[in-house]
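A.B. asks: In our numbering, the protein residues as written are 3 to 98.
Idealized CB from N, CA, C, for every residue including glycine.
1) Do you know how far the Cα of residue 10 is from the Cα of residue 21?
2) Within the continuous alpha helix (DSSP H) that includes residue 19, where are the two ends?
3) Could you tell me which of 98, 81 and 76 sits nearest to residue 45, measuring between CA atoms?
4) So the candidates are 97, 5, 96 and 90; which of them puts its Cα closest to the Cα of residue 19?
5) By the three-class DSSP mapping on this structure, what secondary structure does residue 98 have?
6) With DSSP run on the structure shown, which of helix, strand or coil describes residue 32?
This is the structure:
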């Protein structure tokens, strides 16, 4: 149960670090980079809003033996995080 929260927190922290690094490089980018950043920021805001309540929901689901609910909630968050990660990779390549 705590391991799931730790994993979730670590994944969120890695995404935050990538986001922060890219944000510092944004002033060097062109229009394409700015457009991509805008899309990613909308996705980031969505993830940020979902992370806190979802983290609590995962913990509650695990406590009440709701493994299926836990898996669904975690999968939804993982998908959003993967999309962000791929977007950050694309943006990083545009900036190099």
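C.D. replies: Inspection of the coordinates gives the following:
1) So the two alpha carbons sit approximately 16 angstroms from each other.
2) Run containing residue 19: 4–27, per the alpha helix (DSSP H) assignment.
3) Nearest option by C-alpha distance: 81.
4) Answer by Cα proximity: 90.
5) If DSSP states are grouped into helix, strand and coil, residue 98 belongs with coil.
6) Here residue 32 sits in coil by DSSP.
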